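Residue numbers (our numbering): 90 to 751. Shown next, in structure tokens, is the structure this report addresses.
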């Protein structure tokens, strides 16, 4: 932002040279990018931080200088209702001030005014338009002047645009509007895009004699969205997007009206129209005396602290252990105690704080999930997986295919339409990663991502594995083998084994994007299997793709301590049974039925054969299982083992209709 040295001197009695003032600005945290002479003036090129919209004007910069010098702030005083004004949406327009000036004479601006504007890179238009730009640069409050005679119905309405409503703006472009855009309208049509640009039909022209002056305060987010939607930006939108001072609107309107009367003549109507539906409530932030030394590293005496805030136009009152400080409306960046401490440091002087070494060099503790995720990364890397780190923004239409019932978190200011929400699933970004690599000639892929998914009810830490192509390439010693379902199952078991969790499938519904019959789920902890062919075809995958989704938080919460067992001293006894089961009965059902007997001596159950051919009925199949018995205290007798076998076979017959195959 360009700032005039001579203009600043109209607000503050500056006695330093421009070079000395530039150094002072730097010490205050206002970066000076350049200092150039211009005619009889000096121009500062300042880099103003986005959280300091109060410094986007000469008044704001002068306010900082006055505080640094300990001087009073000076400035022009405003001079002394033909229109009605209403705000239909107070959320988007906090305040709207209007002044009616009759009998003005439009013409060129005085040379002194034109020279000052042109020095700051603003083209002179006419005396009235130049005054609005001048006051904006002076006070930081954007203004707009309407030709009052072109406004219909003698009224101004701040409302949302109607569907398919159109307006031709001052740049001569016809723009199509929609209800998300805030406009300034008269009784018949939109006459300006709020906070961005006025309409061509109501602009100030050489024939204008009556002016309606606008000074308003608009919602920053609304202005930013409209600016991007229309591809339109201006000096006004630049300031509104960062947050203009709502209390400055009235003063700026009076100041501009007085200058217009001085330069262009005319009569200012006695009463200013000020629509302010929700007046700003004072913001008070507590500053504790003990926090100054703790935060800044050195104590600052009370008198200095109070003098700093008094110079900055803060209202200071004593409170328990410190001060209650009322924040002025132009300092929207001050919201917490640390912000006040920053002001103390800036104006006390960073060079006055002694450089000291930390008194205690400790070490921070890791986050609860950190060590667990480190183990996961090591385990997956040793299994041949590579980590990917995609962006977490996604397209709603894509996310709906994978998480149709999850309400996503929408971004207030998305960079693009297809990145308007935070992802609800890791799968879409992983599939895009696979697609990109395959399109670039990489055929054999094993990827994982440790990241977050987001929903309205919170965020979750999740792990996703993806693999496709060959697990082993053809060589002199081995033939090629494709990655398959059992490879993914083994990798999932390895991951769960890291935390001593067994993989036991449940009856929960398998998501539609998995291949039916080729997927396994264990509650909300894990689901894995082959990607459904319809989804694979959408991404043009030629080989089968295998996916595993694991909830890291549930996994870490389910972590079981490892128990080191002694090597058995007594022999084990094995029994093999061939069972005849209905085809709807799974091995898992058999295992659960046997485990339900709670036989301590039963140490292992394993299936080792399955037969579905004749001579069995079409509804039957044969399942062979192996049972291992062992006691840590003694050798089991044959009678004990036979009793166990008898109890197990009776339970399987009663609960599952199982028969012992002859």
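Cβ atoms here follow ideal geometry from the backbone N, Cα and C, with glycine treated the same way. Just so you know, these numbers come straight off a predicted model, no measurement behind them.
TODO: Put residue 244 into one of helix, strand or coil per three-state DSSP.
DONE: strand
Task: Candidates 329, 682, 646, of which the one nearest residue 589 by Cα - done: 646
- [ ] Could you spell out the range, first to last residue, of the beta strand (DSSP E) harbouring residue 374?
- [x] 372-377
- [ ] Would you mind working out which of 362, 345, 363 sits nearest residue 355, comparing C-alpha positions?
- [x] 345
Open item on the list: Let me make sure I understand the geometry here. Which of 662, 742, 680, 562 has the alpha-carbon closest to that of residue 718?
Closed with: 662
Task: residue 167 to residue 482 span [Cα, whole Å] - done: For residue 167, the predicted structure reports a pLDDT of 42, less than 50, and the residue's modelled location is therefore unreliable. A value from the coordinates is still provided. Straight-line Cα distance between these residues: approximately 49 Å.
Open item on the list: Please classify residue 626 as buried or exposed, where buried requires at least 16 other C-beta atoms within 10 Å of its C-beta.
Closed with: exposed
Open item on the list: So, with DSSP's three-state summary, where would you put residue 127?
Closed with: strand
Open item on the list: Residues in the same chain with beta-carbon distance under 6 Å from residue 119, minus the five sequence neighbours each way, listed in chain order, please.
Closed with: 135
Task: Integer-rounded CB distance, given that residue 308 should sit under 8 Å from residue 180 - done: 7 Å
- [ ] Ignoring anything shorter than 3 residues or poking outside the segment 383-465, list the beta strand (DSSP E) runs there in chain order.
- [x] 404-408, 411-416
Task: Meets three-Cβ-pair contact criterion under 8 Å: the segment 219-233 and the segment 139-153 - done: yes
TODO: To the nearest angstrom, report how far apart residue 95 and residue 129 are at their CA atoms.
DONE: 9 Å
- [ ] Take the Cβ of residue 478 as the centre, count every other Cβ of all protein chains shown within 10 Å, and call the residue buried at 16 or more, exposed below.
- [x] exposed
Task: First and last residue of the uninterrupted alpha helix (DSSP H) at residue 365 - done: Note, residue 365: premise wrong, no alpha helix (DSSP H); not H, not E.
TODO: Look at the alpha carbon of residue 728 and the alpha carbon of residue 735, and state the distance between them as a whole number of angstroms.
DONE: 10 Å
Task: C-alpha distance - residue 745 paired with residue 670, whole-angstrom precision - done: 8 Å
Task: residue 547 at chain B interface by Cβ criterion, 7 Å - done: Annotation note: the requested chain B is absent from the structure, which comprises a single protein chain.
Open item on the list: Taking only three categories from DSSP, how would you classify residue 194?
Closed with: coil
Open item on the list: I'd like the list of long-range same chain contacts for residue 295, defined as Cβ closer than 6 Å, with 5 residues on each side in sequence excluded.
Closed with: 195
Task: Cβ shell of residue 319 (< 6 Å), same chain only, five flanking positions each side left out - done: 264
TODO: May I ask you to report which of helix, strand or coil DSSP gives residue 107?
DONE: helix
Task: Three-state class that DSSP yields for residue 567 in the structure shown - done: coil
TODO: Please go through the same chain and pick out, in chain order, the residues whose beta-carbon is closer than 6 Å to the beta-carbon of residue 348, but skip the five residues on each side of it.
DONE: 220
Open item on the list: Measuring only the C-alpha atoms, how far is residue 606 from residue 599?
Closed with: 9 Å
TODO: Classify residue 605 as helix, strand or coil using the three-state DSSP reduction.
DONE: strand
Open item on the list: Out of 553, 524, 536, which one is the CA nearest neighbour of residue 542?
Closed with: 553
Task: Residue closest to residue 392, alpha-carbon to alpha-carbon, out of 97, 405, 380 - done: 405
Task: Through-space distance from residue 713 to residue 739, alpha-carbon basis - done: 16 Å
- [ ] For the beta strand (DSSP E) containing residue 557, list its first residue and its last residue.
- [x] 547-557
Task: Collapsed DSSP secondary structure at residue 122 in the structure displayed - done: strand
Task: DSSP state of residue 233 mapped onto helix, strand, coil - done: strand
- [ ] Using the Cα positions of residue 97 and residue 291, report the straight-line distance between them to the nearest angstrom.
- [x] 33 Å
Open item on the list: I'd like to know whether the C-beta atoms of residue 533 and residue 559 end up nearer to each other than 7 Å.
Closed with: yes
Open item on the list: Output needed for residue 165: all residues of its chain with C-beta closer than 7 Å, excluding positions within five of it in sequence on either side, in chain order.
Closed with: Because residue 165 sits at a pLDDT of 45, beneath the cut-off of 50, its placement in the model cannot be relied upon, and the following sentence gives the value as read from the coordinates. Result list for residue 165: 344, in chain order.
TODO: Report all residues from its chain with a CB closer than 7 Å to the CB of residue 520; omit the five preceding and five following residues, and keep chain order.
DONE: 628
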